[in-house]
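Q: The opening position of the sequence shown corresponds to residue 40 in this note's numbering, with each subsequent residue numbered one higher. Think of the CB as a built atom: it goes at the ideal place given N, C-alpha and C, for glycine as much as any other residue. I'd like to ask you about the structure that follows.
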Amino acid sequence: MNRKTAIKTIVLSLALFFTGGCASNSAAQSAGGQSGASLYKRLGGYDAIAAVSDDFIARLATDKQLSRFLVGVSADSQKRLRQLVVDQFCQATGGPCLYIGRPMKTVHAGLGITESDWQLTVKHLVASLDKFKVPDKEKQEFLALASSLKPDIVEK
Ligand code: HEM
């Protein structure tokens, strides 16, 4: 590689690096609204999101109407599912995680999740957010993120 080509390569690499950086930055800001700090940060970061997710999943698993969805799911598969939910919430709130699970529509298709199942799910999510004293503004933002998934989850 001659000197001119080498300089061109470096300039191109830097340009790609910075445009990539800006893209992920703006994704985090969109989860942060106008205030600057991402919802992820305002919620208290990874541990806070994991704690809310664990409490939420435990409520779903012990709900009389919803526990049918977890019948036959092994303990190990439940751990996998839990991790995917944490990753998804972490990424959606502007955190540094990457959700590598399947799309919501694909994974819930055929389960026959009803409006009533959804309402119960939201009730449990609210209870978990309240348990960890998530302030109202952050609670509403989190619920809005979860609600945006509803069309891909509810079938009936
Ligand atoms: C906020 C709402 C919800 C979120 C964020 C969510 C998220 C997820 C995620 C990340 C997965 C794993 C994806 C993968 O395996 O690649 C999953 C699977 C699953 N979800 Fe949900 N879910 C939601 C609502 C519900 C509801 C309301 C039900 C039923 C009442 C439900 C039942 C299931 C079941 C049974 C699976 C396992 C499906 C399988 O592996 O075959 N989910 N969900």
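May I ask you to verify whether the region 153–173 touches the region 97–110, counting CB pairs closer than 8 Å and requiring at least 3?
A: yes
Q: Does the contact criterion of 3 or more C-beta pairs under 8 Å hold for the region 75–86 versus the region 163–182?
A: As far as the Cβ criterion goes, the region 75–86 touches the region 163–182, which means the pair count is three or higher.
Q: Under a criterion of Cβ closer than 6 Å to any non-hydrogen atom of the ligand HEM, which residues qualify, in chain order?
A: Leu105, Phe108, Leu120, Leu123, Val124, Gln127, Gly140, Arg141, Val146, His147, Leu150, Ile152, Asp156, Trp157, Thr160, Ala185, Leu188, Ile192
Q: Would you tell me roughly how many angstroms separate the C-alpha atoms of Asp39 and Gly140, rounded to the nearest one?
A: Coverage of the chain is limited to positions 40 through 195, which leaves residue 39 absent and any answer about it impossible.
Q: Between which two residues does the alpha helix (DSSP H) containing Leu188 stretch?
A: Premise fails: Leu188 is in no alpha helix (DSSP H) and is neither H nor E.
Q: In terms of residues, what are the limits of the alpha helix (DSSP H) holding Ser92?
A: 84–101
Q: According to DSSP, is Thr132 part of a helix, a strand, or is it coil?
A: coil
Q: Counting along the chain, where does the alpha helix (DSSP H) carrying Glu194 start and finish?
A: Glu194 -> no alpha helix (DSSP H), and no H or E assigned at all.
Q: In the structure shown, what three-state DSSP assignment does Arg141 receive?
A: coil
Q: Can you tell me which of Asp93, Pro190, Thr132 puts its alpha carbon nearest to the alpha carbon of Gly75?
A: Of Asp93, Pro190, Thr132, the smallest CA-CA separation from Gly75 is found for Thr132.
Q: Between which two residues does the alpha helix (DSSP H) carrying Val110 extend?
A: Here Val110 belongs to no alpha helix (DSSP H), and DSSP marks it neither H nor E.
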